[in-house]
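**Student:** In this text, residue positions in the sequence shown follow numbering that gives the first Met the number 0: the first is 0, and each later residue adds one.
For glycine and all other residues, C-beta sits at the position ideal for the given N, C-alpha and C.
Handing you a structure now.
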Amino acid sequence: MAKLTLKQAASFCGGQVAPEYEEITFDGACMDTRKIQNGQLFVAIRGESRDGHDYARSAMEAGACAVLAEKPLDADIPAIYAADSRKALGDIARGARKRLNCKVVGITGSVGKTTTKEMMAAVLGSTFATAKTEKNFNNDLGLPMSVLSVTPEKQMAVFEMGMNHFGEMRYLTSIACPDAAVIVNIGTAHIGQLGSREGILKAKLEILEGLQPDGFTVFNGDEPLLWNLKDQLQPKPVYFGINNPDCDLLAANIETTPDGMSFHVRGLSQEFQVFLPVEGLHHVYDALAVITAALKLGVAPTKIQEALGSFRNTGMRQRIYEKNGFTIIEDCYNAGPESMDAALSVLQSHEATGRKIAVLGDMLELGACSPAEHYRIGRLAAFRADRLFTYGKNSARMVLGAITGGMNEKQTSNYETHEALAEALAQTAKPGDVLLFKGSRGMKMECALELFLTKTEKY
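So this is what it looks like as structure tokens:
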């Protein structure tokens with residue numbers, strides 16, 4: 000964004016700033032004193048265990064030029080005072096968004112949002128100067144900070160938008176005001192709060208309320224809940240898919256190769272081949288969402304092919320590598336029923352000289368659906384893995400599902416600690432085995448993986 004003065008920011012959020020500080024300018028915002036950059040606005044948020052106002056002086060010493068606060072600070076600290084720092088941050092970002100000259104792509108979905116965001120940024124970045132949400136800053140704090148980080152020269156901005164209750168997406172889209180709204184899928188993540196898949200659909204569709212008047216939408220046409228909206232919405236969604244032949248953009252001839260996935264794309268007056276250096280049919284859907292939006296925004300097919308062909312995922316999302324004689328599928332960032340299903344399919348299809356071992360943690364935020372969904376994933380594991388190790392009280396239901404699905408009881412086990420899981424796994428796994436590690440973020444399955452690798456280094 001072009002730099003804002005404290006006076007301008009205060010006018011956006013209804014805040015107050017002392018006259019002597021009105022012309023101070025800031026460039027971006029941050030709420031972590033360890034990550035603050037010179038010239039940024041420090042946002043003081045009151046949390047359950049810490050109060051950001053207590054760190055205002057540290058933030059200034061670390062390079063912040065001013066503080067957004069909701070209670071008095073030292074007199075010599077430049078500050079915008081508002082009734083609610085959290086809401087004020089959103090108001091400031093909303094005002095800043097109106098000053099941006101770039102087009103904004105908003106991405107939501109039950110699973111795959113971050114991967115799709117990374118793919119989208121890579122593809123659009125092949126043609127346009129592109130900004131993106133860092134990490135998974137997709138909530139009422141992360142999205143405003145992402146908006147405020149967009150610099151004036153950017154032509155595109157890709158924002159990930161998440162939610163777990165009604166009204167949250169409505170708030171985010173009022174800030175982002177997307178030119179293109181992408182819904183990758185409708186799954187069961189957060190079904191405990193939203194009640195049903197229909198409730199999840201309703202909450203996701205709130206993204207359309209902030210769509211620019213000349214904007215467009217991109218939907219997964221293989222999802223019946225989204226396809227049934229084809230004649231109900233304006234503008235009419237642009238659909239991508241694999242199985243629904245009436246979609247605007249289709250993938251066909253999908254093949255798994257030693258290095259990833261290959262498929263043919265047809266639609267929107269284009270036809271070309273795509274290679275993705277990641278495994279799993281779910282990634283083909285992510286790529287189709289990106290290709291559809293990119294073609295609508297004017298990216299040439301050759302640029303799309305190049306960008307997707309060199310794509311690399313981020314963080315703990317499906318990294319496949321060799322270590323200590325094992326093939327590791329590290330997919331520890333998060334998990335829900337749909338992403339567990341997809342990850343087990345990757346494990347099943349991955350070539351191995353040894354066994355295929357699923358190491359799975361609890362799936363959280365499933366509410367009343369939790370027992371049934373853990374049981375179902377266990378039954379899937381029985382067909383797609385040779386061994387099942389689970390961690391957490393909910394995942395004990397996976398063990399039951401696997402046994403009733405046909406897996407020998409001796410090939411299943413559940414553990415209450417990462418240490419016990421890693422110890423048992425180290426005694427069982429042998430070089431040549433392929434191991435999938437996956438669970439919800441709160442289960443921290445990467446800790447079990449790290450312990451396992453440490454215990455097997457001697458081998």
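Between Gly-105 and Thr-150, which are expected to be in contact by the criterion C-beta below 8 Å, what is the C-beta distance as a whole number of angstroms?
**Tutor:** One-based indexing of the sequence shown puts residue 105 at position 106. One-based indexing of the sequence shown puts residue 150 at position 151. Contact flag wrong, Cβ pair sits at about 19 Å.
**Student:** In terms of residue numbering, what span does the alpha helix (DSSP H) encompassing Thr-427 cover?
**Tutor:** By one-based count along the sequence shown, residue 427 stands at place 428. 417–427 is the span of the alpha helix (DSSP H), which, as asked, contains Thr-427.
**Student:** Let me know the secondary structure DSSP gives Leu-147 once reduced to three states.
**Tutor:** Residue mapping note: residue 147 aligns to position 148 of the sequence shown, counting from 1. Residue state, collapsed to three classes: helix.
**Student:** When DSSP builds the beta bridges, which residues end up paired with Ile-79?
**Tutor:** In the sequence shown, counting from the first residue as 1, residue 79 sits at position 80. According to DSSP, which records beta bridges pairwise, Ile-79 is partnered with Val-16, Leu-67.
**Student:** By the three-class DSSP mapping on this structure, what secondary structure does Ser-261 have?
**Tutor:** Within the sequence shown, the letter at position 262 stands for residue 261. Correct three-state label for Ser-261: strand.
**Student:** Going by DSSP, which residues form a beta bridge with Asn-219?
**Tutor:** The count along the sequence shown starts at 1 and reaches residue 219 at position 220. In DSSP, Asn-219 forms a bridge with Phe-239.
**Student:** Can you give, in chain order, each stretch of the alpha helix (DSSP H) that sits fully within the segment 156–214 and has at least 4 residues?
**Tutor:** You should have 167–175, 190–193, 196–203.
**Student:** Taking all protein chains shown into account, decide if Leu-424 is buried (16 or more other Cβ within 10 angstroms of its Cβ) or exposed.
**Tutor:** As a position in the sequence shown, residue 424 is number 425, starting the count at 1. It counts as buried.
**Student:** Please state the DSSP three-state secondary structure of Glu-456.
**Tutor:** On the sequence shown, residue 456 is found 457 positions in, with the first residue counted as 1. Note: Glu-456 maps to coil in three-state DSSP.
**Student:** Suppose you measure from the CA of Leu-72 to the CA of Asp-432; what does that come to, to the nearest Å?
**Tutor:** Along the sequence shown, read from residue 1 onward, the residue named residue 72 stands at position 73. Along the sequence shown, read from residue 1 onward, the residue named residue 432 stands at position 433. Approximately 58 Å, taken between the alpha carbons.
**Student:** In the DSSP assignment, what are the bridge partners of Cys-29?
**Tutor:** The residue you call residue 29 lines up with position 30 of the sequence shown. For Cys-29, which the question treats as bridged, DSSP gives the partners Phe-41.
**Student:** Taking 8 Å as the cut-off, decide whether the C-beta atoms of Tyr-374 and Leu-399 are in contact.
**Tutor:** Against the sequence shown, residue 374 aligns to sequence position 375. Against the sequence shown, residue 399 aligns to sequence position 400. Contact: yes.
**Student:** Quick one: residues in its chain with C-beta nearer than 7 Å to the C-beta of Gly-94, no 5 flanking neighbours on either side, listed in chain order?
**Tutor:** Position 95 of the sequence shown, counted from the start, is the residue given in the question as residue 94. Here the set comprises Phe-11.
**Student:** Report the residue ranges of all alpha helix (DSSP H) runs contained in full by the segment 319–384; include only those spanning at least 4 residues, in chain order.
**Tutor:** Listed in chain order, they are 336–348, 369–383.
**Student:** On a Cα-Cα basis, can you pick out the residue from Tyr-238, Leu-249, Leu-88, Gln-231 that is closest to Ala-175?
**Tutor:** Start at 1 with the first residue of the sequence shown, and residue 175 comes out as number 176. It is Leu-88.
**Student:** Which residues does DSSP list as the beta-bridge partners of Val-433?
**Tutor:** In the sequence shown, residue 433 corresponds to position 434, counting from 1. Partner(s): Thr-326, Lys-355.
**Student:** Examine the Cβ distances between the segment 284–295 and the segment 245–260 and report whether three or more of them are shorter than 8 Å.
**Tutor:** yes
**Student:** Would you kindly check if the distance between the Cβ of Val-217 and the Cβ of Thr-291 is under 8 Å?
**Tutor:** Translated into positions along the sequence shown, residue 291 becomes position 292. Translated into positions along the sequence shown, residue 217 becomes position 218. Yes, the pair counts as a contact, with Cβ atoms nearer than the cut-off.
**Student:** Is it buried or exposed, Phe-382, if we count other Cβ atoms within 10 angstroms and call 16 or more buried?
**Tutor:** By 1-based counting over the sequence shown, the position of residue 382 is 383. It counts as exposed.
**Student:** Does Glu-445 come out as helix, strand or coil in the three-state DSSP assignment?
**Tutor:** Mapped onto the sequence shown, residue 445 falls at position 446. Note: Glu-445 maps to helix in three-state DSSP.
**Student:** Starting from Gln-272, follow its DSSP beta bridges and name the residues at the other end.
**Tutor:** Sequence index remark: in the sequence shown, residue 272 carries index 273 (1-based). Beta-bridge pairing links Gln-272 to His-263.
**Student:** Taking all protein chains shown into account, do 16 or more other C-beta atoms lie within 10 angstroms of the C-beta of Leu-232, making it buried, or fewer, making it exposed?
**Tutor:** As a first step, residue 232 must be located in the sequence shown, where it is residue number 233. Exposed, because fewer than 16 other Cβ atoms sit within 10 Å of the Cβ of Leu-232.
**Student:** Could you check which residue in Ala-179, Val-157, Pro-177, Ala-65 has the C-alpha nearest to that of Ala-128?
**Tutor:** Position 129 of the sequence shown, counted from the start, is the residue given in the question as residue 128. Out of Ala-179, Val-157, Pro-177, Ala-65, Val-157 has the C-alpha closest to the C-alpha of Ala-128.
**Student:** Ignore the nearest five residues each way along the sequence and tell me which others in Ser-148's own chain have a CB closer than 6 Å to its CB.
**Tutor:** Translated into the one-based positions of the sequence shown, residue 148 becomes position 149. Apart from the 5 residues on each side of it in sequence, Ser-148 sits with its Cβ closer than 6 Å to the Cβ of Gly-27 in its chain, given in chain order.
**Student:** Given Met-406, which residues of its chain have a CB within under 6 Å of its CB, disregarding the five upstream and five downstream residues?
**Tutor:** Within the sequence shown, the letter at position 407 stands for residue 406. Within the same chain, Met-406 has close Cβ partners Ala-381.
**Student:** What is the rounded straight-line gap between the Cα of Tyr-238 and the Cα of Leu-267?
**Tutor:** Taking the sequence shown and counting its residues from 1, the one referred to as residue 238 is at position 239. Taking the sequence shown and counting its residues from 1, the one referred to as residue 267 is at position 268. Going from the Cα of Tyr-238 to the Cα of Leu-267 covers about 10 Å.
**Student:** Quick check: what's the CA-CA separation for Lys-443 versus Lys-355?
**Tutor:** Position 444 of the sequence shown, counted from the start, is the residue given in the question as residue 443. Position 356 of the sequence shown, counted from the start, is the residue given in the question as residue 355. The alpha-carbon atoms of Lys-443 and Lys-355 are separated by roughly 21 Å.
**Student:** Roughly how many angstroms lie between the CA atoms of Asn-323 and Met-30, to the nearest whole one?
**Tutor:** Within the sequence shown, the letter at position 324 stands for residue 323. Within the sequence shown, the letter at position 31 stands for residue 30. So the alpha carbons of these two residues sit roughly 40 Å apart.
**Student:** Considering only the alpha carbon of each residue, which of Met-118, Lys-203, Leu-210 lies closest to Lys-131?
**Tutor:** Here residue 131 refers to the residue found at position 132 of the sequence shown. The residue with the shortest Cα to Cα distance from Lys-131 is Met-118.
**Student:** Just list the residues that DSSP pairs Leu-287 with in beta bridges.
**Tutor:** Residue mapping note: residue 287 aligns to position 288 of the sequence shown, counting from 1. Beta-bridge pairing links Leu-287 to no other residue.
**Student:** Looking only at C-alpha atoms, which of Glu-372, Tyr-414, Ala-401 sits nearest to Thr-389?
**Tutor:** Along the sequence shown, one-based indexing puts residue 389 at 390. Of Glu-372, Tyr-414, Ala-401, the residue nearest in Cα terms is Tyr-414.
**Student:** The alpha helix (DSSP H) with Thr-132 in it runs from where to where?
**Tutor:** Locating residue 132 in the sequence shown gives position 133, counting from the first residue. Where Thr-132 is concerned, there is no enclosing alpha helix (DSSP H), given that its DSSP letter is neither H nor E.
**Student:** Based on the DSSP secondary-structure assignment, which residues constitute the bridge partners of Leu-307?
**Tutor:** Translated into positions along the sequence shown, residue 307 becomes position 308. Assignment of beta-bridge partners to Leu-307 by DSSP yields no partner.
**Student:** Going by beta-carbon coordinates alone, are Ile-79 and Leu-67 separated by less than 8 Å?
**Tutor:** For this step, residue 79 is matched to residue 80 along the sequence shown. For this step, residue 67 is matched to residue 68 along the sequence shown. Yes. Within cutoff.
**Student:** Report the rounded CA-to-CA distance for Ser-369 versus Ser-394, giving the unit in angstroms.
**Tutor:** For the purposes of this step, residue 369 is taken as residue 370 along the sequence shown, with counting starting at 1. For the purposes of this step, residue 394 is taken as residue 395 along the sequence shown, with counting starting at 1. For Ser-369 and Ser-394, the distance between alpha carbons rounds to 9 Å.
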